[in-house]
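Asks: Residue numbering for the sequence shown follows the working numbering, starting at 50 and increasing by one per position. Where a beta carbon is used, it is the ideal one built from N, C-alpha and C, also for glycine.
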Amino acid sequence: MNHPTSRRPGELLFNLLVLIASLFLFWQAYAIAQFSSLSSSGALPLAATSIMVISACLVLIKTIRLPLEPHVRFIRHIFPPIIGVVMALILMFAVMLEPIGFILSAAIFLFIAMTFLHRKGWVVSLGLTLVSLALVYCVFRLIFKVILPEGIIPEREIMAVISHWFSANF
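#1: Write down the C-beta distance between Ile201 and Leu153 rounded to the nearest angstrom, noting that I regard them as a contact closer than 8 Å.
#2: For the candidate residues Val185, Glu60, Arg205, whose alpha-carbon lies nearest to that of Lys111?
#3: Identify which residue in Ala143, Ser89, Leu62 has its Cα closest to the Cα of Ala105.
#4: When the Cα atoms are used, what is the spatial distance from Ile157 to Leu175?
#5: Taking the alpha carbon of Ala78 as the reference point, which residue from Ala70, Thr164, Ile124, Gly91 has its own alpha carbon closest?
#6: Does the structure place the region 160-170 close enough to the region 127-141 that three or more beta carbon pairs sit under 8 Å?
#7: Mapping DSSP to helix, strand and coil, what is Leu117?
#8: Comparing C-alpha positions only, which one of Leu68, Pro53, Met141, Arg190 sits nearest to Glu118?
#9: Determine the direct distance from the alpha carbon of Glu206 to that of His213, and round the result to whole angstroms.
#10: Whole angstroms is fine: what's the gap from Ser89's alpha carbon to Thr98's?
#11: Within its chain, find whatever has a CB closer than 6 Å to the CB of Phe189; leave out the 5 residues flanking it on each side and keep chain order.
#12: Can you tell me which residues form a DSSP beta bridge with Arg56?
#13: From Ala209 to Phe215, what does the alpha carbon distance come to, in whole angstroms?
#14: Straight-line CA distance for Glu41 to Val173?
#15: Rounded to whole angstroms, what's the CA-CA distance from Ile139 to Leu197? Just pull it up for me.
#16: According to the Cβ coordinates, are Leu159 and Leu191 closer than 9 Å?
#17: Checking 9 Å against the spacing of the C-beta atoms, do Arg56 and Ile127 come in under that value?
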């Protein structure tokens with residue numbers, strides 16, 4: 050196994066966040082049964098989170114001792130701007146999902162993401178968006194019967210007209 054000789058930007062912060070999360074989970078595991086006995090409901094979560102806390106402490110101490118890698122920059126090598134843009138698009142999709150519905154928010158998300166990432170022009174992005182959205186909608190809504198947020202597009206009425214049209218013609 051290779052042992053790192055230097056620390057990358059953001060590595061120390063990440064290890065600190067892992068330790069904080071492990072401590073929080075340890076506290077939650079302790080709250081289950083306050084370690085009343087080895088056969089209590091909290092014994093296994095308490096043991097698992099204890100291992101997490103100890104491991105996180107050891108990794109954090111090891112990371113603190115490593116020197117920072119000199120020529121690696123966080124923004125350029127670890128978190129380039131394109132990652133931030135995609136994360137912002139995902140956040141925008143999540144926020145818009147309930148108010149305007151799945152179809153419209155997914156169409157906006159896919160169009161912007163494909164235009165930005167694919168860089169083949171807005172006509173190609175629009176075509177890919179429509180095909181992708183139709184496939185995703187058919188698989189999840191029609192085949193798996195997943196209820197998707199309706200929003201401002203009257204999906205139920207559209208589906209009723211389509212099903213009535215198919216039942217009348219066949």
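Replies: Looking at the atomic coordinates:
#1: Locating residue 201 in the sequence shown gives position 152, where the first residue counts as 1. Locating residue 153 in the sequence shown gives position 104, where the first residue counts as 1. The pair is a contact, with the Cβ atoms about 7 Å apart (cut-off 8 Å).
#2: Taking the sequence shown and counting its residues from 1, the one referred to as residue 111 is at position 62. Ranking the options by Cα distance to Lys111, first place goes to Glu60.
#3: For the purposes of this step, residue 105 is taken as residue 56 along the sequence shown, with counting starting at 1. Here the closest residue by C-alpha is Leu62.
#4: Translated into positions along the sequence shown, residue 157 becomes position 108. Translated into positions along the sequence shown, residue 175 becomes position 126. Distance between the alpha carbons of Ile157 and Leu175 is about 10 Å.
#5: Residue numbering aside, residue 78 sits at position 29 when the sequence shown is read from its first letter. The option with the nearest alpha carbon to Ala78 is Gly91.
#6: Touching, per the Cβ criterion.
#7: Counting from one through the sequence shown, the residue named residue 117 turns up at place 68. Strand at Leu117.
#8: Taking the first residue of the sequence shown as position 1, residue 118 is located at position 69. Nearest of Leu68, Pro53, Met141, Arg190 to Glu118, Cα basis: Pro53.
#9: Counted from its first residue, the sequence shown places residue 213 at position 164. Counted from its first residue, the sequence shown places residue 206 at position 157. Roughly 10 Å between the two C-alpha positions.
#10: Position 40 of the sequence shown holds residue 89. Position 49 of the sequence shown holds residue 98. Cα to Cα, Ser89 sits roughly 15 Å from Thr98.
#11: Reading the sequence shown from its first residue, position 140 is the one you call residue 189. Val195, listed in sequence order.
#12: Here residue 56 refers to the residue found at position 7 of the sequence shown. Beta-bridge pairing links Arg56 to Leu117.
#13: Taking the first residue of the sequence shown as 1, we reach residue 209 at position 160. Taking the first residue of the sequence shown as 1, we reach residue 215 at position 166. Each residue's alpha carbon lies about 10 Å from the other.
#14: Given that the chain is displayed from residue 50 to residue 219, the structure contains no residue 41 and the question cannot be resolved.
#15: Residue mapping note: residue 139 aligns to position 90 of the sequence shown, counting from 1. Residue mapping note: residue 197 aligns to position 148 of the sequence shown, counting from 1. Spanning the two alpha carbons is a distance of roughly 17 Å.
#16: The count along the sequence shown starts at 1 and reaches residue 159 at position 110. The count along the sequence shown starts at 1 and reaches residue 191 at position 142. No. Outside cutoff.
#17: Along the sequence shown, one-based indexing puts residue 56 at 7. Along the sequence shown, one-based indexing puts residue 127 at 78. Going by C-beta atoms, Arg56 is not nearer than 9 Å to Ile127.
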